[in-house]
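Reading through the structure tokens given below for one structure.
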Amino acid sequence: MTTTASTPVRRRGRSGLPASLASHGILVLASLIALFPVAWLVFLSLGPDKDDYLHPGGIWSKMTFDNYSFVLQHTSFLDWLKSSLIVSLGTTFLGVFVAATTGYAVSRMRFPGYRKFMWLLLLTQMFPVAVLMVPMYQILADLQLIDSYLGLILVYCTTAVPYSAWLLKGYFDTIPFEIDEAGRVDGLSPFGTFARLILPLARPGLAVAAFYSFITAFGEVAFATTFMLDDKKYTLAVGLQSFVSEHDAQRNLMAATAVLIAIPVSAFFYLVQKNLVTGLTAGGTKG
Numbered sequence: 001m002t003t004t005a006s007t008p009v010r011r012r013g014r015s016g017l018p019a020s021l022a023s024h025g026i027l028v029l030a031s032l033i034a035l036f037p038v039a040w041l042v043f044l045s046l047g048p049d050k051d052d053y054l055h056p057g058g059i060w061s062k063m064t065f066d067n068y069s070f071v072l073q074h075t076s077f078l079d080w081l082k083s084s085l086i087v088s089l090g091t092t093f094l095g096v097f098v099a100a101t102t103g104y105a106v107s108r109m110r111f112p113g114y115r116k117f118m119w120l121l122l123l124t125q126m127f128p129v130a131v132l133m134v135p136m137y138q139i140l141a142d143l144q145l146i147d148s149y150l151g152l153i154l155v156y157c158t159t160a161v162p163y164s165a166w167l168l169k170g171y172f173d174t175i176p177f178e179i180d181e182a183g184r185v186d187g188l189s190p191f192g193t194f195a196r197l198i199l200p201l202a203r204p205g206l207a208v209a210a211f212y213s214f215i216t217a218f219g220e221v222a223f224a225t226t227f228m229l230d231d232k233k234y235t236l237a238v239g240l241q242s243f244v245s246e247h248d249a250q251r252n253l254m255a256a257t258a259v260l261i262a263i264p265v266s267a268f269f270y271l272v273q274k275n276l277v278t279g280l281t282a283g284g285t286k287g
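Going letter by letter, the sequence shown gives residues 1 to 287 in UniProt numbering.
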């Protein structure tokens with residue numbers, strides 16, 4: 001006759017309750033800290049007066065959407081939005097294409113100096129905007145691209161492409177070389193292999209690169225202020241400055257505009273959020 005020794009199952013006792021409450025409390029506190037600026041901005045946008053931020057308690061009794069109506073009807077907000085979307089989406093498509101082809105070439109081809117080339121890309125990120133402003137202005141002026149969407153897109157690509165290429169190179173390194181070999185066996189050209197086999201597998205990495213490129217262009221101020229001369233071509237970030245003068249600031253209108261600006265960014269984030277975490281983690285596993 002055999003006997004089976006049973007192992008007692010450990011149950012979470014009362015000792016684990018304080019730790020669980022503490023961890024949940026920290027998460028709730030962190031969430032409140034993250035949400036407070038957003039809630040405060042929305043709250044201020046509902047106040048009718050520019051000085052309501054000094055007495056926020058009075059906003060409750062006089063909440064209104066007049067600020068949003070004024071921004072949409074009496075400013076060039078829609079023109080700013082159009083310019084921002086043209087520049088941001090243009091930077092996204094062009095930047096991701098250049099970064100993807102660059103990252104794939106460095107990942108698959110061992111040409112002389114390919115490692116130094118990747119470090120050179122990162123080196124370009126070290127230059128501050130103040131140093132780049134004058135030479136970039138001169139280049140765009142020579143190309144007659146001042147006050148043009150294409151000129152601003154090219155400028156933003158100089159910022160978006162290096163980081164995106166580095167990230168995508170790391171992601172392409174995680175894709176087996178056997179897939180490239182299978183494409184060659186099937187008669188695909190190198191670009192055909194890249195476009196038909198590799199890119200579909202790299203969608204998470206492409207989503208991260210697209211999001212980074214979009215945000216880079218959408219929120220930038222210095223280059224857009226310098227290179228765009230027509231106020232109808234101002235981006236949203238530049239147009240937001242029109243509510244601040246030398247001696248005054250219309251904070252209620254700024255808050256309403258900022259809330260409206262957040263809508264397209266949130267929508268773009270919603271479209272790519274499923275692939276963001278996968279792309280960031282996979283892109284950093286191999287260098």
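Built from N, CA and C at the ideal position, the CB exists for glycine as well.
Boundaries of the alpha helix (DSSP H) in which A249 is found, first to last residue: Working through the sequence shown from its first residue, we reach residue 249 at position 249. Element bounds for A249: n/a, residue is neither H nor E.
On the DSSP bridge assignment, give the partners of V244 in chain order. As a position in the sequence shown, residue 244 is number 244, starting the count at 1. Answer by DSSP bridge pairing, in chain order: A249.
Buried or exposed: K169, going by 16 or more other Cβ atoms within 10 Å of its Cβ? Taking the sequence shown and counting its residues from 1, one reaches residue 169 at position 169. With 16 or more other Cβ atoms within 10 Å, it is buried.
Could you give the DSSP three-state label for Y270: helix, strand or coil? Here the question's residue 270 lines up with position 270 in the sequence shown. Y270 falls in the helix class under three-state DSSP.
From which residue to which residue does the alpha helix (DSSP H) around K190 run? Working through the sequence shown from its first residue, we reach residue 190 at position 190. For clarity, residue 190 is Pro in the given sequence; the question names Lys instead. P190 to T193 is the extent of the alpha helix (DSSP H) around P190.
Could you check which residue in A256, V265 and L197 has the C-alpha nearest to that of T216? Counting from 1 along the sequence shown, the entry for residue 216 is found at position 216. When only C-alpha atoms are compared, the closest one is V265.
If you measure between the beta carbons of K233 and S45, is that distance less than 8 Å? Within the sequence shown, the letter at position 233 stands for residue 233. Within the sequence shown, the letter at position 45 stands for residue 45. Their beta carbons are not under 8 Å apart, which means K233 does not touch S45 by this criterion.
Could you pull the start and end residues of the alpha helix (DSSP H) that E220 belongs to? Sequence index remark: in the sequence shown, residue 220 carries index 220 (1-based). Element bounds for E220: n/a, residue is neither H nor E.
So the alpha helix (DSSP H) D52 belongs to, where does it begin and stop? The sequence position of residue 52 within the sequence shown is 52, counting from 1. Element bounds for D52: n/a, residue is neither H nor E.
For F194, which residues in the same chain have their Cβ closer than 6 Å to its Cβ, ignoring the five residues on either side in sequence? Your numbering for residue 194 matches position 194 in the sequence shown. Closer than 6 Å at the Cβ level, and outside the excluded window around F194, lie Y104.
Rounded separation between E246 and F223 - CA only: Walking along the sequence shown from the start, residue 246 turns up at place 246. Walking along the sequence shown from the start, residue 223 turns up at place 223. Cα to Cα, the separation comes out at about 21 Å.
Assigned exposure category for F77 - 16 Cβ within 10 Å defines buried: Locating residue 77 in the sequence shown gives position 77, counting from the first residue. Burial call: buried.
Exposed or buried, which one is A182 when buried takes at least 16 other CB atoms within 10 Å? Within the sequence shown, numbered from 1, the residue matching residue 182 stands at position 182. The residue is exposed, with fewer than 16 neighbouring Cβ atoms inside 10 Å.
What are the boundary residues of the alpha helix (DSSP H) that includes A34? Against the sequence shown, residue 34 aligns to sequence position 34. Segment G16 to S45, the alpha helix (DSSP H) holding A34.
If you run the structure through DSSP and keep just helix, strand and coil, what is T159? Taking the sequence shown and counting its residues from 1, the one referred to as residue 159 is at position 159. T159: helix per DSSP, three-state reduction.
Excluding the 5 residues preceding and the 5 following I153 in the sequence, name in chain order all residues of the same chain whose CB lies nearer than 7 Å to its CB. The sequence position of residue 153 within the sequence shown is 153, counting from 1. Cβ within range, chain order: V87, G90, T91 and L94.
Given a cut-off of 8 Å, decide if V161 and A210 are closer than it, judged by their beta-carbon atoms. Reading the sequence shown from its first residue, position 210 is the one you call residue 210. Reading the sequence shown from its first residue, position 161 is the one you call residue 161. Going by C-beta atoms, A210 is not nearer than 8 Å to V161.
Quick one: what does DSSP say L197 is sitting in, helix, strand or coil? Locating residue 197 in the sequence shown gives position 197, counting from the first residue. Correct three-state label for L197: helix.
Quick test of the definition: if touching needs 3 or more C-beta pairs under 8 Å, does the segment 251 to 262 touch the segment 32 to 50? yes
Less than 8 Å between the CB atoms is what I'm expecting for A207 and V106, so what's the real figure, rounded? Indexing the sequence shown from 1 puts residue 207 at position 207. Indexing the sequence shown from 1 puts residue 106 at position 106. Not really, about 20 Å apart at Cβ, beyond 8 Å.
Ranges of the alpha helix (DSSP H) found wholly within the segment 112 to 188, counting only runs of at least 4: 114 to 123, 129 to 142, 149 to 173 and 177 to 185
Are F268 and F214 closer than 8 Å when you measure CB to CB? As a position in the sequence shown, residue 268 is number 268, starting the count at 1. As a position in the sequence shown, residue 214 is number 214, starting the count at 1. Result yes, Cβ atoms of F268 and F214 sit closer than 8 Å.
Could you name the residues of the same chain whose beta carbon sits closer than 6 Å to that of V53, not counting the 5 residues immediately before and after it, in chain order? Translated into positions along the sequence shown, residue 53 becomes position 53. The question names Val, yet the displayed sequence has Tyr at residue 53. If we look at Y53 and ignore the five residues flanking it on each side, its Cβ neighbours are L44 and R251.
Tell me which same chain residues have a C-beta within less than 6 Å of the C-beta of W40, skipping the five on either side of it? The count along the sequence shown starts at 1 and reaches residue 40 at position 40. Hits under 6 Å: none found.
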